[in-house]
Amino acid sequence: MTAASDTLDPSPARAVPLKRQLRRAERRKNLLFMALILPLAVFVLASFVLPIGSLLQRSIANPEVHDNLPETLELLDDWSGEGLPDEAAFVALARELGAARGTPAIADIAKRLNREQPGLRSLVMRSARALPLAEGTPAQDGLIGIDERWRDPVIWETIKRAGSPTTGFYLLGAIDRTIADGGEIVKLPKEEAIYLDVLVRTFEMSVIVTVACLLLGFPLAYLMATLPVRHANTLMILVLLPFWTSVLVRVAAWIVILQNEGLVNKLLMWLGATDAPIRLLFNRTGVYIAMVHILLPFMVLPLYSVMKGISPVYMRAAVSLGCPPFSSFWKIYFPLTMPGIAAGSLLVFIVCMGFYITPALLGGPGDQMISYFIAFYTNQAVNWGMAAALSAVLLAATLVLYALYTRYLGGNAVNKIR
Amino acid sequence: MLQPYASPAERLWYYGLRGLVGLTLLFLVLPILVIIPLSFNADSFLMYPMTGWSLRWYEEVITSPSWQRAITNSMIVSPFATLLAMILGTLAAIGLVRANFRGKALLTAILISPMVVPVVIVAVAMYISFAPLGLTGSYTGLILAHAVLGVPFVITTVTATLQGFDFNLVRAASSLGANPVTTFFKVTLPQVAPGVISGGLFAFATSFDEVVVTLFLASPEQATLPRQMFSGIRENISPAIAAVATILILLSTLMLMTLETLRRRNERLRGVKPA
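For the protein sequence lines, the chains are S and W, in the order given.
When we follow my numbering, the leftmost residue of the first sequence carries the number 392, and every step to the right adds one.
When we follow my numbering, the leftmost residue of the second sequence carries the number 790, and every step to the right adds one.
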């Protein structure tokens, strides 16, 4: 770039007209500002967007057979499905199974095929153990010699089907469905069908917590909005202090309060309401209490900011026109708080659906939400396909609700900032 | 104010509302009120009634190797993560406010999304992607992860501060001969500093309280304070937990006060009269 283009020269003698110079300067500045975003964009892309993308991709990934038996699958593509595939397919399978022998790949293949058709695990393992075939034996005779089942075209059909690069198995599994032998989608048997229950439970717990937060948060926000500022600020500090306190601190405190020898049970027994301590921990009650405690500020803050903007004049006008105080509250004030109610409820609901730590520490096995199962399939029952499918379901629900939240309420999620 | 001529129904409304709100506020602060005294318990049970006063649990926290390590780890991970989030987030926020390009809204949404995506999904995704890169069980991986989670707070607070920022000041500086770097440090940064600092505080608080991503990414050597509390609550809950909790409550009170001061200063600077 020449020095001349760096400074604007309005003299008509300039070859480049001023308008173009200005536009070029604007463009350069715009590029400079875009360059400021670049480092963060790269950082978030690499350490957040790509990992989540690759996790979601695992929910439809089907690499076991596809990656380990590529040549066999290619040859099976040309096979009509009538009778047995030709010798070349047998040769390829014998070679590829032989190559996988003794590596983790063979267990992957066996497990994956067994899922399609029970019994195939033993067929694969047994065949792999007997490989490679003796020099000069035709592969077809050799494999059938190891196990008669290789004579069955259905087996080859199964390999072909299991070899597709993607599968709906995990995503269907997340809603208690599976693919039957014929390819149609069927319900899982009752003892395996747990995820719809978990989804319903997550939804139900989120609804209950949201409603409870609204019922407690509305009067609190209302009083704060109507009190003189000095008092309102004191109340606000009482709301913000727990909000800023570590979630683990609060969980520990709730254990102290709710345990069998805890304050609540002592109080109830002293009042004579109960003779034996009531179980409040490691069940749904404890989880609800702690969750409402954690999420209440998320409801109060948006409610308060909406109520703060409602002029008291409307209520006074209604009353002066003869509307009784309670109806004017109900007919005038309450409808005006609707944006706050919607924002607070959606926010609480969204955060609620992703809860993991609180139910894990305060709930029993029947109180765990979907996040728990995502963690479980990642850590304990290493089944990343299932973890990915459940993540996809949770993420989809969260993003849809969040889109509603930003679209209709125009806010961002930082209601931490007053 | 309750008028002297208020009807019984109005009195009921007035006192009923205050009673209900009082109970709600009690519910909100009860955990904090309950846990602080227990940290001074002489007994080794985390329950009332207390048998006597002692500082033994603070001594235990300060001298036990596992708590020491947790404090050190938190003091390594959170400041670095905060610094990274503050630097990248502030630059990007300035860029997002000033630049014009297609897809800006989408890019903003993506940069904010770590705040929205359920944290378990973030944890699992990072665990699976970081493991082959050797970033699990390392401070680097943990710092990167915590920085990602803190970035949205910095972006939103700095963007909000920039809304009230007069960009003519930047133009004035340039016209007086300051180069862009000098302008940034002498004009822009002092103006947006409250936003940067409160964003940083949010990022710090997020990282300092983060347990789910840490559960997945950290090995025992990198266990942070919340991670150590998590296993403490799970395995053997003792007044040591209450001692750590009290320290953390003190810290969050401090952060809340700083934030409140910043907010007031910001309002004063912008000429918003205290209502």
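No residue lacks a Cβ here, since even glycine has one placed at the ideal position from N, Cα and C.
Any C-beta of chain W under 8 angstroms from that of residue i
i, result
"Ile808/S", "Low per-residue confidence applies at Ile808/S: pLDDT is 33, beneath 50, and the placement is therefore not dependable enough to give any value."
"Ala772/S", "no"
"Ser702/S", "no"
"His622/S", "no"
"Leu488/S", "no"
"Leu579/S", "no"
"His684/S", "yes"
"Ile497/S", "no"
"Trp721/S", "no"
"Leu800/S", "no"
"Val710/S", "no"
"Leu590/S", "no"
"Leu464/S", "no"
"Pro408/S", "no"
Nearest-angstrom Cβ-Cβ length linking residue i and residue j, presumed shorter than 8 angstroms
i, j, result
"Leu649/S", "Ile680/S", "7 angstroms"
"Val1033/W", "Trp856/W", "7 angstroms"
"Ile685/S", "Thr593/S", "Not a contact, Cβ separation roughly 16 angstroms."
"Ala1042/W", "Leu785/S", "Position check: residue 1042/W holds Thr in this sequence, whereas Ala was assumed. Going by Cβ atoms, the distance from Thr1042/W to Leu785/S rounds to 34 angstroms, so no, they are not a contact pair."
"Gly930/W", "Leu1006/W", "5 angstroms"
"Pro969/W", "Leu1051/W", "With 8 angstroms as the limit, Pro969/W and Leu1051/W do not qualify as a contact, their Cβ atoms being about 26 angstroms apart."
"Gln531/S", "Glu473/S", "The Cβ separation is near 16 angstroms, so there is no contact."
"Gly884/W", "Leu422/S", "The Cβ separation is near 10 angstroms, so there is no contact."
Buried/exposed call for residue i, threshold 16 Cβ in 10 Å
i, result
"Trp645/S", "buried"
"Ile901/W", "buried"
"Ala708/S", "exposed"
"Thr665/S", "exposed"
"Gly533/S", "buried"
"Ala437/S", "exposed"
"Trp661/S", "exposed"
"Met1046/W", "exposed"
"Thr769/S", "buried"
"Val908/W", "buried"
"Gly731/S", "buried"
"Met596/S", "buried"
"Asp729/S", "In the sequence as displayed, the identity of residue 729/S is Met instead of Asp. With fewer than 16 Cβ atoms within 10 Å of its Cβ, Met729/S is classed as exposed."
Residue i: CB within 7 angstroms of a non-hydrogen atom of the ligand FMN
i, result
"Pro941/W", "For the ligand FMN, the structure offers nothing, since it holds no ligand at all."
is_contact[residue i, chain S] using C-beta, thresh 8 angstroms
i, result
"Thr972/W", "no"
"Arg807/W", "yes"
"Asn1045/W", "Looking at the sequence provided, one finds Leu at residue 1045/W rather than Asn. Yes, contact with chain S."
"Ala961/W", "no"
"Ile860/W", "no"
"Asp998/W", "yes"
"Thr1042/W", "yes"
"Ile865/W", "no"
"Leu933/W", "yes"
"Ala870/W", "no"
"Glu799/W", "yes"
"Phe1019/W", "yes"
"Ser900/W", "For clarity, residue 900/W is Leu in the given sequence; the question names Ser instead. Output row for Leu900/W: interface = yes."
"Val850/W", "no"
"Pro1015/W", "yes"
"Ile1022/W", "yes"
"Tyr837/W", "yes"
"Ile824/W", "yes"
Residue i at chain C interface by Cβ criterion, 8 angstroms
i, result
"Ile443/S", "Within the model displayed, chain C is absent; protein chains S and W are what it includes."
>> Restricting to runs no shorter than 4 residues, where is the alpha helix (DSSP H) found entirely within the region 445-469 of chain S?
In response: Counting only runs of 4 or more residues that sit fully inside the region 445-469 of chain S, the alpha helix (DSSP H) segments are 454-459 and 461-468, in chain order.
> At what residue ranges does the region 529-565 of chain S contain a whole run of the alpha helix (DSSP H), taking only runs of 4 or more?
Replying inline: As far as the region 529-565 of chain S is concerned, its whole alpha helix (DSSP H) runs of at least 4 residues are 530-537, 544-553 and 560-565.
> Given a limit of 7 angstroms on CB to CB distance, which residues of the region 872-897 of chain W reach chain S?
Replying inline: Within the region 872-897 of chain W, the qualifying residues are Leu877, Gly878, Leu880, Ala881, Ile883, Gly884, Leu885, Arg887, Ala888, Asn889, Phe890 and Leu896.
>> Please list, in chain order, the residues of the region 415-437 of chain S that have any C-beta partner in chain W closer than 7 angstroms.
In response: Residues passing the 7 angstroms Cβ filter: Asn421, Phe424, Met425, Leu427, Ile428, Pro430, Leu431, Ala432, Phe434 and Val435.
>> Runs of 4 residues minimum, wholly inside the region 478-539 of chain S: which ones carry the alpha helix (DSSP H) assignment?
In response: Look at the region 478-539 of chain S and you find these whole runs of alpha helix (DSSP H), each 4 residues long or longer: 478-491, 495-507, 511-521 and 530-537.
>> What are the residues in the region 647-674 of chain S lying within 9 angstroms of chain W by C-beta distance?
In response: Taking a C-beta cut-off of 9 angstroms against chain W, the contacting residues of the region 647-674 of chain S are Val647, Ile648, Gln650, Glu652, Gly653, Leu654 and Lys657, listed in chain order.
> What residues in the region 743-769 of chain S have a beta carbon less than 9 angstroms from any beta carbon of chain W?
Replying inline: Within the region 743-769 of chain S, those residues whose Cβ lies closer than 9 angstroms to any Cβ of chain W are, in chain order, Met744, Gly745, Phe746, Tyr747, Ile748, Ala751, Leu752, Ile761, Ser762, Tyr763, Ile765, Ala766, Tyr768 and Thr769.
> When you check each C-beta in the region 779-793 of chain S against every C-beta of chain W, which residues fall closer than 7 angstroms?
Replying inline: The region 779-793 of chain S vs chain W, Cβ under 7 angstroms: Ser782, Leu785, Leu786, Thr789 and Tyr793.
> Listed from N- to C-terminal order along the chain, which residues in the region 624-641 of chain S have their beta-carbon within a distance smaller than 8 angstroms of any beta-carbon of chain W?
Replying inline: Residues Leu626, Ile628, Leu629, Val630, Leu631, Leu632, Pro633, Trp635, Thr636, Ser637, Val638, Leu639, Val640 and Arg641.
> Which residues, taken in chain order from the region 810-821 of chain W, show a beta carbon closer than 8 angstroms to some beta carbon of chain S?
Replying inline: Residues passing the 8 angstroms Cβ filter: Val810, Thr813, Leu814, Phe816, Leu817, Val818, Leu819, Pro820 and Ile821.
>> Quick check for students: name the residue ranges of the alpha helix (DSSP H) that lie wholly in the region 696-751 of chain S, counting only runs of 4 or more.
In response: Complete alpha helix (DSSP H) runs here, min 4: 703-711, 716-719 and 729-744.
>> Give the list of continuous beta strand (DSSP E) stretches no shorter than 3 residues that lie fully inside the region 882-914 of chain W.
In response: Entirely contained in the region 882-914 of chain W, not one beta strand (DSSP E) run reaches 3 residues.
> In the region 926-976 of chain W, which residue ranges form an unbroken alpha helix (DSSP H) of at least 4 residues, counting only runs that do not cross its ends?
Replying inline: Listed in chain order, they are 928-952, 957-964 and 969-972.
> Taking a cut of 7 angstroms between CB atoms, which residues from the region 599-613 of chain S lie near chain W?
Replying inline: For the region 599-613 of chain S, which is checked against every Cβ of chain W, the residues closer than 7 angstroms are Leu607, Pro610 and Leu611.
> Which whole runs of the alpha helix (DSSP H) in the region 585-645 of chain S are 4 residues long or more, in chain order?
Replying inline: If we require 4 residues or more, the alpha helix (DSSP H) runs fully inside the region 585-645 of chain S come out as 586-617 and 620-635.
> What residues from the region 506-538 of chain S come within 7 angstroms of chain W, judged by C-beta to C-beta, listed N to C?
Replying inline: Legend: CB atoms of the region 506-538 of chain S lying less than 7 angstroms from CB atoms of chain W are not found in any residue.
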